[in-house]
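The numbering of the sequence shown is this note's numbering, which starts it at 6 and goes up by one.
Notes to accompany the following structure.
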Amino acid sequence: MSSYFRRAAIAGVSFALLTGAACAKDSDSKASTKDETSSESSTVLNVPKDYKTIQAAVDASEEGSLILIDEGTYKEAVDVAGKPNITIRGVDRNKVILDGEFKLENGIRVLETDGVVLENMTARNYLSNGFFFTGSDYYRGSYLTAYRNGDYGLYSFDAYHGQWDNSLGWGSPDAGIYIGECYKCDAVIDNIDSQYNGLGYSGTNSGGDLYIVNSLFANNRAGVVPNSGSYELCYPSRDTTIVGNIVHDNNYMDGDGIDVSLLAQGNGILAAGAVRATIERNLVYNHELTGIGLVPFPEEDANDLAPTHDKWDQPCSETHDLPVPEIPADQCKDVPGLLKG
Numbered sequence: 006m007s008s009y010f011r012r013a014a015i016a017g018v019s020f021a022l023l024t025g026a027a028c029a030k031d032s033d034s035k036a037s038t039k040d041e042t043s044s045e046s047s048t049v050l051n052v053p054k055d056y057k058t059i060q061a062a063v064d065a066s067e068e069g070s071l072i073l074i075d076e077g078t079y080k081e082a083v084d085v086a087g088k089p090n091i092t093i094r095g096v097d098r099n100k101v102i103l104d105g106e107f108k109l110e111n112g113i114r115v116l117e118t119d120g121v122v123l124e125n126m127t128a129r130n131y132l133s134n135g136f137f138f139t140g141s142d143y144y145r146g147s148y149l150t151a152y153r154n155g156d157y158g159l160y161s162f163d164a165y166h167g168q169w170d171n172s173l174g175w176g177s178p179d180a181g182i183y184i185g186e187c188y189k190c191d192a193v194i195d196n197i198d199s200q201y202n203g204l205g206y207s208g209t210n211s212g213g214d215l216y217i218v219n220s221l222f223a224n225n226r227a228g229v230v231p232n233s234g235s236y237e238l239c240y241p242s243r244d245t246t247i248v249g250n251i252v253h254d255n256n257y258m259d260g261d262g263i264d265v266s267l268l269a270q271g272n273g274i275l276a277a278g279a280v281r282a283t284i285e286r287n288l289v290y291n292h293e294l295t296g297i298g299l300v301p302f303p304e305e306d307a308n309d310l311a312p313t314h315d316k317w318d319q320p321c322s323e324t325h326d327l328p329v330p331e332i333p334a335d336q337c338k339d340v341p342g343l344l345k346g
């Protein structure tokens, strides 16, 4: 994929963006950011030599551990919870495969656990997501492949100070890569290949020091779609920077796609209800509708009014505890299938 990218033109931008976010190592390095700061005696847990499953190694890990996964197909859904500052790494990106067999939910889910690094492996055939960070801080996913998963390939939600880099997300009905419900996210998407998805990138109600750079979004229903919606907290989407990407031929109609991707199909970069977005120096071509478009998000039956301008800088953490406004009785909905009191 490197032939797509004119790195010299945006190298200075990329280095500047990485300040304050988790930094990735280049492909020749065998040490993660966390490994460099840990002692030489950090525990290495080998799968399957020492532990038969990845989950067993995670459960046995301690802060600073490296879980090193040998070649093979692992039919498991891995949960990382309460195990901060560990690295999970495959020995070969194409030969270390997590396979959900269209039965399991997520390849690796990192739940409310900080400092976790995922590297050098593939997740496929999961009902929901390939690699998933939620409620976590200082995360990184590097040299990952996620394909043919039911929702997202690479997914972070309510997660901060993170980075996705040098990874591939193909064949997801929702998006190849997603960062949502964070402000300020302080996150970087760098050198991602996202193709044959509903959306190449989707970011609902996210932004603030959020940078999408050096990446390829092609052959999706729609390319790069930062968007707002009252169906999740912390709207609107704001302050997303999209610089130096290749975005082309996002007219793909043959695969599955969520409703939003059906509405957005045929567009390259579409800021849907997103405000204060910066879109510069991208190569965008071969789209049936627009190359770069700015539209209000036509949310049907919105749950709430859009925040006023003075609320746009409010951190997501402050919106989680806001009281739910009362709805007048005459505006309550009769939802089929629900019992009436």
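Glycine included, each C-beta is placed from N, C-alpha and C at the ideal position.
With 16 other Cβ atoms within 10 Å as the buried cut-off, status of G158: buried
Nearest-angstrom Cα separation, counted from T246 out to I284: 6 Å
Helix, strand or coil at V63 according to DSSP, with G and I counted as helix: helix
Check whether D104 and T78 have beta carbons under 8 Å apart: yes
Sheet register partners of P89 (DSSP bridge): Answer by DSSP bridge pairing: none, since P89 is not bridged.
Beta carbon of I197 nearer than 8 Å to that of S211: no
Assigned exposure category for N272 - 16 Cβ within 10 Å defines buried: buried
Whole-Å CB distance - Y188 paired with R243, under 8 Å assumed: 7 Å
Assigned secondary structure, L294 (DSSP; H/G/I helix, E/B strand, else coil): coil
Presumed contact (8 Å Cβ cut-off) between L73 and V96, rounded CB distance: 7 Å
For S242, three-class secondary structure by DSSP: coil
Own chain residues within Cβ distance below 6 Å of A82, not counting five before or after: L109, E110 and N111
Nearest candidate by alpha-carbon position, reference D261, set G234, G181 and L299: G181
Terminal residues of the alpha helix (DSSP H) in which A269 lies: D264 to A269
Chain-order list of residues whose beta-carbon lies under 6 Å from that of S147 (same chain, five-residue window excluded): A29, E124, D170 and N171
Same chain, Cβ closer than 6 Å to G249, five either side skipped, listed in chain order: I15, V218, N219 and R286
Distance between S141 and G120 (C-alpha atoms, nearest Å): 8 Å
M258 classed as buried or exposed, judged by whether at least 16 other C-beta atoms fall within 10 angstroms: exposed
Which of helix, strand or coil DSSP assigns to A277: strand
Residue ranges of each beta strand (DSSP E) within the region 171 to 208, 3 or longer: 180 to 185 and 192 to 200
Distance between E293 and G155 (C-alpha atoms, nearest Å): 26 Å
Beta-carbon contacts of E117 that lie in its chain and below 7 Å, excluding the five residues immediately before and after: A86, G140 and S141
Bounding residues of the beta strand (DSSP E) (the contiguous stretch that carries M126): V122 to R129
Burial state of K57 (16 or more Cβ within 10 Å): exposed
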